[in-house]
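In our numbering, the protein residues as written are 3 to 316.
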């Protein structure tokens, strides 16, 4: 089976809690916090494990928070591997307001990287990539890494015979969309697509047009844009359309995208075509929003929702 590698250069130790109401200028008495691993690639690996798959989990971690993060990953059956960068791992936290059901998510910055850190990480990644591997850098970039970091990494991964599935945000996403670097897969959500395109993208058909334009420009062989409860738009060489999930009652939005990417990549390694893999990712995302905090997708729910996912050409 094709190997899957996830890369997280800016992981986090996630704390989540709830309180009766979020109001200013008062001490807010919260419930006991949950502590879970966090960061894009980390959560993609966790989702893959939840679905019965395996991946290598490469990340930068250090300090007491890093030790706690990796211990939690080992408890889940993962084997975290260091990128050779050992700054203290950042923390993030989320608070759910029980009065209105809203969730507030606070993301701390990661420690800044130096040139030597960038070189160490790239060397570790190059050494891990085998021909045919799916390599998934996911999440944000720490200060000190340029917006071109993932693009340079893509070139090296391609030279080693691997293919990149990129799920990032902000300036790094904009650069990836503009660079025409020939990624294997580029994924974003609709808000990010609006930001990089300057378009309103009111209709799903508008999203599909943008996805196809990005594909035709050479940004990636496959472009996927998440459209929330409507599902995911995919533009691929064989099919352009929408995979729509069943209606579910959302509990948390945390982890839906990572669950999607994990299920999508795992499905590809098991022989599914991109459209079917997108449908499996859509089912996993639907599963993820029905569980609290960052518990991610569940295998049984994902299988059940997959049977209910609908596909329509655009």
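Ideal Cβ positions, reconstructed from N, Cα and C, are used throughout, including at glycine.
For residue i, the first and last residue of its enclosing beta strand (DSSP E)
i	result
residue 218	Looking at the DSSP string, residue 218 is not in any beta strand (DSSP E); the run it does join, the alpha helix (DSSP H), is 206-219.
residue 69	Segment 65-77 is the alpha helix (DSSP H) holding residue 69; no beta strand (DSSP E) there.
residue 261	Note, residue 261: premise wrong, no beta strand (DSSP E); alpha helix (DSSP H) at 258-271.
residue 16	14-21
residue 165	165-169
Within 8 Å, strictly: CB atoms of residue i and residue j
i	j	result
residue 235	residue 213	yes
residue 318	residue 284	The structure shown does not extend to residue 318, since the chain is modelled only from 3 to 316, so the question has no answer here.
residue 299	residue 290	yes
residue 228	residue 264	no
residue 164	residue 122	no
residue 250	residue 288	yes
residue 254	residue 105	yes
residue 86	residue 116	no
residue 186	residue 170	no
residue 167	residue 267	yes
residue 110	residue 84	no
Contact set for residue i: own chain, Cβ-Cβ below 8 Å, skip 5 residues either direction
i	result
residue 124	154, 155 and 158
residue 182	219, 220 and 221
residue 51	57, 78, 79 and 80
Start-to-end residues for the alpha helix (DSSP H) that takes in residue i
i	result
residue 199	192-199
residue 238	Careful: residue 238 lies outside any alpha helix (DSSP H) and carries neither H nor E.
residue 28	Careful: residue 28 lies outside any alpha helix (DSSP H) and carries neither H nor E.
residue 154	151-161
Backbone CA spacing between residue i and residue j [nearest angstrom]
i	j	result
residue 297	residue 179	30 Å
residue 88	residue 73	15 Å
residue 81	residue 59	7 Å
residue 162	residue 133	6 Å
residue 174	residue 150	7 Å
residue 188	residue 196	15 Å
residue 205	residue 315	14 Å
residue 257	residue 40	9 Å
residue 311	residue 275	15 Å
residue 6	residue 130	10 Å
residue 321	residue 198	The chain is shown only over 3 to 316; residue 321 falls outside these bounds and no answer can be derived.
residue 292	residue 200	32 Å
residue 48	residue 282	16 Å
residue 36	residue 230	26 Å
residue 245	residue 223	18 Å
residue 273	residue 207	28 Å
residue 190	residue 243	15 Å
residue 306	residue 26	42 Å
residue 64	residue 70	9 Å
residue 66	residue 114	18 Å
residue 28	residue 215	49 Å
residue 176	residue 194	9 Å
residue 16	residue 239	38 Å
residue 108	residue 172	16 Å
Residue closest to residue i, alpha-carbon to alpha-carbon, out of the options
i	options	result
residue 148	126, 136, 128 and 119	119
residue 19	71, 98, 49 and 171	98
residue 62	53, 242, 43 and 165	43
residue 34	68, 302, 128 and 96	96
residue 55	217, 4, 76 and 66	4
residue 192	269, 210 and 294	210
residue 103	278, 294 and 109	294
residue 160	277, 176 and 184	184
residue 241	271, 313, 27 and 76	313
residue 75	107, 28 and 14	14
residue 302	270, 53 and 65	53
residue 10	142, 108 and 239	142
Neighbourhood of residue i by C-beta distance below 7 Å, restricted to the same chain and skipping five residues each side
i	result
residue 46	8, 138, 140, 260, 263 and 264
residue 101	22 and 23
residue 30	21 and 24
Cutoff 6 Å; reference residue i; Cβ partners in own chain excluding five residues on either side
i	result
residue 112	12, 92 and 144
residue 68	91
residue 217	225 and 237
residue 32	19 and 21
residue 308	282 and 285
residue 270	279
residue 277	241
Interface flag, residue i vs chain D, CB-CB below 8 Å
i	result
residue 76	Of the chains in the structure shown, none is chain D; there is only one protein chain.
Any non-hydrogen atom of the ligand FMN within 7 Å of residue i CB
i	result
residue 289	Among the ligands in the structure shown, none appear at all, so the ligand FMN cannot be discussed.
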